[in-house]
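Okay, structure first, notes after.
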Amino acid sequence: MRFFDMKQKEVINIKDGSRLGFVTDIEMCSEKGHAKRLIIPGPARLFGMFGREQEYRVDWEHVKQVGDDLILIDCDGDKLLKNIDAD
888 MRFFDMKQKE VINIKDGSRL GFVTDIEMCS EKGHAKRLII PGPARLFGMF
938 GREQEYRVDW EHVKQVGDDL ILIDCDGDKL LKNIDAD
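Position in the sequence shown (first residue = 1) + 887 = this note's numbering.
So this is what it looks like as structure tokens:
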């Protein structure tokens, strides 16, 4: 599967049914060459006018299924949301 194909899929958390959004980036493991983490934009600030401060970082181990239109993950939503400048 290509990165472009992943960007076309919506990410849904099956633990609470929340829709996180669409994949914007994928973090890769440089040693093994496989996907390490999916990056999804977090909630917008003040009606979306001032950008975003946070993003969802979903470790590949939490990905349960990649379908034609969506990606299903299983993880606590609170653990996924990180500040953009944090590593």
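All C-beta atoms in this analysis are idealised placements derived from N, C-alpha and C, irrespective of residue type, glycine included.
Query                                                                                             : Result
For F890: DSSP bridge partner residues                                                            : In the DSSP output, where bridge partners are listed per residue, F890 has none listed.
Identity of the residue in K896, F890, K894, N900 nearest K951 by Cα                              : N900
Pair within 8 Å by beta-carbon distance, E897 and D961                                            : no
Reduced DSSP category for D946 - H, G, I as helix; E, B as strand; rest coil                      : strand
Cβ separation of G908 and P928, assumed to be a contact under 8 Å, to the nearest whole Å         : 6 Å
Residue burial classification, I958 (beta-carbon count within 10 angstroms, cutoff 16)            : buried
Close Cβ partners of D946 (< 6 Å) along its chain, the five nearest in sequence each way excluded : R924
Extent of the continuous alpha helix (DSSP H) run through K966                                    : 964-967
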